[in-house]
Amino acid sequence: MTAPPLLRAPLLVALAFAAIACASDPAATTSATSSGAGGAGGAGGAGGSGGGMLSPAPQGWYPGLVEPSIRTGGQRGLLDLRGLVHAHSVYSHDACDNAPRDEQTDAINAPCFDDFRRDMCKVGHDFILLTDHNESFGRTEFPEVLLYREERGDVLVLRGGKPVANRAACPDGGPGVLLLGGTESATIAAGLEGHVPGTVAERQAVYGDATPEAIEKLKAAGAVSILQHTEDWTVEQLTTLPIDGFEMYNLHANAKKSAGEALLLLTKLSTNPGDLPLSDLVFLPLFVEDPIYLASWGSTLAAGARRVTTMGTDCHRNSFPAKLPDGERVDSYRRMMLWFSNHLLVTPDAQGGWDDRSLKDALRAGRNYGAFEILGYPLGFDYHATEGAAVREMGGEASIAKGARLSVTLPRLAEIDPTAPPPVLRVRILRAKAGGWDVAAEGPGALDFTPKAAGAYRAEVRITPKHLRRYLSTYAPLADREVPWIYANAIYVVD
Ligand SMILES: [Zn+2]
Ligand SMILES: [Zn+2]
252 MTAPPLLRAP LLVALAFAAI ACASDPAATT SATSSGAGGA GGAGGAGGSG
302 GGMLSPAPQG WYPGLVEPSI RTGGQRGLLD LRGLVHAHSV YSHDACDNAP
352 RDEQTDAINA PCFDDFRRDM CKVGHDFILL TDHNESFGRT EFPEVLLYRE
402 ERGDVLVLRG GKPVANRAAC PDGGPGVLLL GGTESATIAA GLEGHVPGTV
452 AERQAVYGDA TPEAIEKLKA AGAVSILQHT EDWTVEQLTT LPIDGFEMYN
502 LHANAKKSAG EALLLLTKLS TNPGDLPLSD LVFLPLFVED PIYLASWGST
552 LAAGARRVTT MGTDCHRNSF PAKLPDGERV DSYRRMMLWF SNHLLVTPDA
602 QGGWDDRSLK DALRAGRNYG AFEILGYPLG FDYHATEGAA VREMGGEASI
652 AKGARLSVTL PRLAEIDPTA PPPVLRVRIL RAKAGGWDVA AEGPGALDFT
702 PKAAGAYRAE VRITPKHLRR YLSTYAPLAD REVPWIYANA IYVVD
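Going by the numbering used here, the sequence shown opens with residue 252, and the numbers climb by one from there.
Dropping the structure here:
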């Protein structure tokens, strides 16, 4: 399970991108304003980086424009906080174009560090659960692994006098990003509150071990235990290891699966960049649901295991250095972090605040939905169960004998452009079975469903992104292809 991370990169594709980086630089100089300036670029930039100019100019949201986090607008007093679970900083050996440290001095790659800090602020998430690889992470101390910079206004979360998380400040003076430490080694330990005990070698031995004993040690150090790259694990492992959860989607795995499509995009980047989608939509042609992920997810829950599932960004800033027409490298931290996020429904403290532990509590409890925000930011999504007057959240249990009902609320798209055709949305409730999922209920709007059979039921919202057609250039048919927009965690229905 400690497959060399370099092998995880779609190597052929990465090489091709690297080769094209030199050839295609002139294309970047002809591009319009970057659409990726975290919302600062203005709507006028949205049309310039893909095909021809747009007419009329878009109003409201467009891909690449960041909408603010929902936060207090969540359901039933819960805070809807969005962020990443699985991201690699300068403290991973394979991040930063495989040069995260100086070979002679071991000093970290300061520009890459700054790329991460700048870009995490641009995407406006509330939190990032870092997952750096064993070698560098294991020999680097807290709060360094929390990307802590006192001089930038960061404030540490202390527990027992020790730094456990970093309220990292953003230069725009906004709320900043809560950074939690962690590692992706044999397994993911997300939200470690310090290294496991022992020498560097002893720590690294624990991080590099996927046995139940090692996983328990990670959890004892505060971590949420997640299995990354679900395709690498058997259903038996997903079911029996003492983990909290596993990934329901991984962007890196998706890119690898679509290597052929990626090569086609590369060819267009070098020959006719005007044929490409808007730069921030460049992954849309590669975007596919992975049947292996869905099958493992269904099989594991159908076997009776209760597991939270997450969407893994797995950004490294190391795979695609070529620049897209917006002048930004394909795999910039910003572009990868922007694609989707995990929405944790967090119980606020008495003052309405939250910290690293409230995030982890929500994650362990399964109160999480993932949203592909590159297609539009959802507002008002909800999935819960009721037993009479009692409400059960995602990750919770509802009894048929007590009248369990499952309800999904159809979200709307924030700030959708009124001049664009609306997207087509479809809501589904699915029941886990061995090898996948059965559709229990579906429809174009909100769903209320009374389950007759016990089982694990998840909800999803699918979208046919007709509102994006104007950004797709020669990829316009993708506006008529339905893709997942929201994956919600399961509710466990019992008899
Ligand atoms: Zn890696
Ligand atoms: Zn990773």
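Each residue gets a CB set at the ideal place from its N, CA and C atoms; glycine is no exception.
CB of residue 339 within 8 angstroms of CB of residue 567, strictly: As a working mapping, residue 339 is identified with position 88 in the sequence shown. As a working mapping, residue 567 is identified with position 316 in the sequence shown. It is a contact, given that the beta carbons lie within the stated cut-off.
Chain-order list of residues whose beta-carbon lies under 6 angstroms from that of residue 611 (same chain, five-residue window excluded): Translated into the one-based positions of the sequence shown, residue 611 becomes position 360. Around residue 611: 442 and 475.
Same chain, Cβ closer than 6 angstroms to residue 244, five either side skipped, listed in chain order: With the chain covering 252 to 746 only, the question about residue 244 has no answer from this structure.
Helix, strand or coil, according to DSSP, for residue 559 in the structure here? Here residue 559 is taken as the residue at index 308 of the sequence shown, counted from 1. Correct three-state label for residue 559: strand.
Along the alpha helix (DSSP H) that carries residue 771, what are the first and last residues, could you check? With the chain covering 252 to 746 only, the question about residue 771 has no answer from this structure.
Nearest CA to the CA of residue 209: which residue from 479, 314 and 449? What is shown of the chain runs 252 to 746, which leaves residue 209 out entirely.
Is residue 537 close to chain D, meaning its C-beta is less than 8 angstroms from at least one C-beta of that chain? Absence of chain D from the displayed structure is noted, only one protein chain being present.
Under the rule that 16 or more other beta-carbon atoms within 10 Å means buried, what is residue 473, buried or exposed? In the sequence shown, residue 473 corresponds to position 222, counting from 1. It is buried - the Cβ of residue 473 has at least 16 other Cβ atoms within 10 Å.
Exposed or buried, residue 310, counting other C-beta atoms within 10 Å across all chains shown (16 or more means buried)? Against the sequence shown, residue 310 aligns to sequence position 59. Classification of residue 310: exposed, given that the 10 Å Cβ count is below 16.
Own chain residues within Cβ distance below 8 angstroms of residue 669, not counting five before or after: What you label residue 669 is simply residue 418 of the sequence shown in a count that begins at 1. Taken in chain order, the residues that qualify are 310 and 311.
Going straight from the alpha carbon of residue 653 to that of residue 699, what length do you get? On the sequence shown, residue 653 is found 402 positions in, with the first residue counted as 1. On the sequence shown, residue 699 is found 448 positions in, with the first residue counted as 1. Taking the straight line joining both Cα atoms gives about 16 angstroms.
Please classify residue 588: does DSSP put it in a helix, a strand, or coil? For this step, residue 588 is matched to residue 337 along the sequence shown. Residue 588: helix per DSSP, three-state reduction.
Which of helix, strand or coil DSSP assigns to residue 371: Numbered from its first residue, the sequence shown carries residue 371 at position 120. In this structure, residue 371 counts as helix in the three-state DSSP scheme.
Limits of the unbroken beta strand (DSSP E) element including residue 634: Working through the sequence shown from its first residue, we reach residue 634 at position 383. 633-638 is the span of the beta strand (DSSP E), which, as asked, contains residue 634.
Comparing the CB of residue 765 with every heavy atom of ligand 2, is any distance shorter than 7 angstroms? No information on residue 765 is available, as it lies outside the stretch 252 to 746 that the chain covers here.
Please report the straight-line C-alpha distance between residue 369 and residue 732, rounded to a whole angstrom. Numbered from 1 along the sequence shown, position 118 holds the residue referred to as residue 369. Numbered from 1 along the sequence shown, position 481 holds the residue referred to as residue 732. Roughly 33 angstroms separates the two Cα atoms.
Where does residue 547 fall in DSSP's three states? Here residue 547 refers to the residue found at position 296 when the sequence shown is read from its first residue. In the structure shown, residue 547 adopts helical secondary structure according to DSSP, grouped into three states.
Per DSSP, which one or two residues make a beta bridge with residue 419? Translated into the one-based positions of the sequence shown, residue 419 becomes position 168. In the DSSP output, where bridge partners are listed per residue, residue 419 has 428.
With a threshold of 7 angstroms, establish whether the CB of residue 339 neighbours any heavy atom of ligand 1. Here residue 339 is taken as the residue at index 88 of the sequence shown, counted from 1. Residue 339: yes, Cβ under 7 angstroms from ligand 1.
Use the C-beta contact count for residue 624: other C-beta atoms within 10 angstroms, 16 or more gives buried, fewer gives exposed. Numbered from its first residue, the sequence shown carries residue 624 at position 373. Counting Cβ neighbours within 10 Å, residue 624 comes out buried, since at least 16 surround it.
Can you tell which of 673, 363 and 391 has the C-alpha that lies nearest to the C-alpha of residue 580? Numbered from 1 along the sequence shown, position 329 holds the residue referred to as residue 580. Of the candidates 673, 363 and 391, the one whose C-alpha sits nearest the C-alpha of residue 580 is 363.
Separation of residue 597 from residue 605, as counted between CA atoms: Here the question's residue 605 lines up with position 354 in the sequence shown. Here the question's residue 597 lines up with position 346 in the sequence shown. In this structure, the straight-line span from the alpha carbon of residue 605 to that of residue 597 is close to 8 angstroms.
Between the alpha carbons of residue 675 and residue 658, how many angstroms are there, rounded? Position 424 of the sequence shown holds residue 675. Position 407 of the sequence shown holds residue 658. Computed Cα separation, rounded: 20 angstroms.
Straight-line CA distance for residue 493 to residue 346? For the purposes of this step, residue 493 is taken as residue 242 along the sequence shown, with counting starting at 1. For the purposes of this step, residue 346 is taken as residue 95 along the sequence shown, with counting starting at 1. About 29 angstroms.
Tell me which same chain residues have a C-beta within less than 6 angstroms of the C-beta of residue 352, skipping the five on either side of it? As a position in the sequence shown, residue 352 is number 101, starting the count at 1. The answer, listed in chain order, is 359.
Residue 651 - DSSP class collapsed to helix/strand/coil: As a first step, residue 651 must be located in the sequence shown, where it is residue number 400. Of the three classes helix, strand and coil, the one that applies to residue 651 here is coil, per DSSP.
Touching or not, the region 412-432 and the region 391-404, by the rule of three or more beta carbon pairs under 8 angstroms? yes
Taking a contact to mean a Cβ-Cβ separation below 8 angstroms, would you say residue 420 touches residue 437 in this structure? For the purposes of this step, residue 420 is taken as residue 169 along the sequence shown, with counting starting at 1. For the purposes of this step, residue 437 is taken as residue 186 along the sequence shown, with counting starting at 1. No.
Does at least one heavy atom of ligand 1 sit under 7 angstroms from the Cβ of residue 567? As a first step, residue 567 is located in the sequence shown; it is residue number 316 there, counting from the start. Under cutoff, so the answer is yes.
Determine the extent of the beta strand (DSSP E) in which residue 378 is found, giving its start and end residues. Stepping through the sequence shown from its first residue, residue 378 is reached at position 127. Per DSSP, residue 378 belongs to the beta strand (DSSP E) from 378-381.
Kindly identify the DSSP beta-bridge partner or partners of residue 331. Along the sequence shown, read from residue 1 onward, the residue named residue 331 stands at position 80. Residue 331 pairs with 322 and 596.
So the candidates are 400, 444 and 572; which of them puts its Cα closest to the Cα of residue 350? Here residue 350 refers to the residue found at position 99 of the sequence shown. With distances taken between Cα atoms, residue 350 lies closest to 572.
Which residue from 308, 357 and 336 puts its Cα closest to that of residue 622? What you label residue 622 is simply residue 371 of the sequence shown in a count that begins at 1. When each option's Cα is compared against that of residue 622, the closest is 336.
Nearest CA to the CA of residue 528: which residue from 725, 308 and 329? For the purposes of this step, residue 528 is taken as the residue at position 277 of the sequence shown. Nearest of 725, 308 and 329 to residue 528, Cα basis: 725.
Just how far apart, CA to CA, sit residue 746 and residue 550? Taking the first residue of the sequence shown as position 1, residue 746 is located at position 495. Taking the first residue of the sequence shown as position 1, residue 550 is located at position 299. The straight-line gap from Cα to Cα measures roughly 20 angstroms.
Looking at residue 345 and ligand 1, is the gap between the Cβ and the nearest heavy atom below 7 angstroms? Taking the sequence shown and counting its residues from 1, one reaches residue 345 at position 94. Indeed, a heavy atom of ligand 1 lies less than 7 angstroms from the Cβ.
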